[in-house]
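*Asks:* Questions regarding the structure given below will be posed in turn.
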Amino acid sequence: MPDRTSNVAGAPTRRELLLTRICEAPREIVFQAWTTPEPLKRWWGPKGFTNPVCEIDPRPGGAIRIHMRAPDGTVYPMTGVYREIVPPERLAFVSSALDEKGKPLFEVLITVGFAARGGKTELTLRARVVMETAGAERHLAGMEQGWSQTLDRLAEEVASTRRTTGHE
């Protein structure tokens, strides 16, 4: 079934982000950081954010529910559904940022690839907006910065995990 959000030429849509990181840990550790609640809770979100709610069911059709708390105390709820889980190579999920009434402001298809690189992991994240409402613009304006900071936090988390578990 073709993806209904692709344009005819298959080129990136107006709101598509592609980021890569080299993580100082084997891909099994990096993948686990995405699919285990406790590590995910520690690194998810931009710098300074915390996650008072972090509930995941990492299987196709499983739910994601994360409430990110900004340094100013504002809570940004997010829900989603996993579409694909291929340990430790790939995962995909759709996430929805919710407004104050619990309605989706926008939906983003997140696809994450994990490639082994000599004891390290090359992580590739693609975030593609598949639906947005009129109120989404101010949130989407910070998508690149937010994901960049989030992946930086992930890299710190897995490097720390590698050191504490002896996966050198």
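The numbering of the sequence shown is this note's numbering, which starts it at 100 and goes up by one.
Cβ atoms here follow ideal geometry from the backbone N, Cα and C, with glycine treated the same way.
1. Based on Cα-Cα distance, which residue from L204, L116, L190 lies nearest to A196?
2. What residues match up with M230 in a beta bridge as DSSP calls it?
3. Terminal residues of the continuous beta strand (DSSP E) containing L130?
4. State buried or exposed for R237, treating a residue as buried only when at least 16 other CB atoms are found within 10 Å of its CB.
5. Rounded to a whole number of angstroms, what is the C-alpha to C-alpha distance between M167 and G212?
6. What do you reckon, are the CB atoms on A191 and I163 nearer than 8 Å?
7. Output yes or no for whether 8 Å exceeds the beta carbon distance between G234 and D198.
8. Quick one: what's P176 bridged to in DSSP?
9. So, I128 versus N150, is the Cβ gap smaller than 8 Å?
10. For the candidate residues Y175, K146, P159, whose alpha-carbon lies nearest to that of C153?
11. Residues in the same chain with beta-carbon distance under 6 Å from T260, minus the five sequence neighbours each way, listed in chain order, please.
12. Rounded to whole angstroms, what is the Cα-Cα separation between R126 and P186?
13. Could you please give me the residues that DSSP links to F192 through a beta bridge?
14. Is it right to say G245 is buried, meaning 16 or more other beta carbons lie within 10 angstroms of its own, or is it exposed?
15. In this structure, does DSSP put R237 in helix, strand or coil?
16. Mind checking whether L118 and L224 have CB atoms under 8 Å apart?
17. Which stretch, first to last residue, makes up the beta strand (DSSP E) that contains R114?
*Replies:* Quick answer:
1. L204
2. E206
3. Note that residue 130 is Phe in the sequence shown, not Leu. Counting along the chain, F130 falls outside any beta strand (DSSP E), though it belongs to the alpha helix (DSSP H) covering 126–134.
4. exposed
5. 24 Å
6. no
7. yes
8. H166
9. no
10. Y175
11. I128
12. 9 Å
13. Y181, I209
14. buried
15. helix
16. yes
17. Per DSSP, R114 belongs to no beta strand (DSSP E) and is neither H nor E.
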